[in-house]
């Protein structure tokens with residue numbers, strides 16, 4: 130499995146919630162801070178077409194600017210990704 134990527138901004142409460150959710154569910158991911166890294170911001174914008182965080186990417190699956198409920202709804206529509214994450 131590819132490593133999931135979570136684009137975040139420091140101080141973002143939704144990012145903090147997402148990081149806690151992934152940690153609680155033992156999901157390893159690569160965290161990319163977009164405020165301090167212009168390249169990460171450019172990657173996120175290219176992938177998602179927007180600048181809001183958190184943005185989760187795993188292969189072709191992407192959820193941008195989400196809270197946990199929205200993330201879970203997106204996962205419910207992507208059972209293969211859900212299984213890859215062990216959820």
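Numbering (the working numbering), first residue to last: 130 to 216.
Where is the CB? At the ideal position from N, CA and C, for every residue including glycine.
CB of residue i within 8 Å of CB of residue j, strictly
i           : j           : result
residue 193 : residue 184 : yes
residue 131 : residue 187 : yes
Residues that residue i bridges to, as DSSP identifies them
i           : result
residue 162 : 137
residue 191 : 186
Whole-number beta carbon distance between residue j and residue i, since they are thought to touch under 8 Å
i           : j           : result
residue 109 : residue 162 : Past the boundaries of the shown model lies residue 109; the chain is included only from 130 to 216, so the question cannot be answered.
residue 169 : residue 136 : 6 Å
residue 156 : residue 133 : 7 Å
residue 174 : residue 180 : 6 Å
Option nearest residue i by Cα separation, candidates the options
i           : options       : result
residue 150 : 208, 199, 206 : 199
residue 144 : 205, 211, 197 : 197
residue 212 : 167, 154, 195 : 154
Closer than 7 Å: residue i CB and nearest the ligand FMN heavy atom
i           : result
residue 182 : For the structure depicted, the ligand FMN is absent and the ligand set is empty, with no information on it obtainable.
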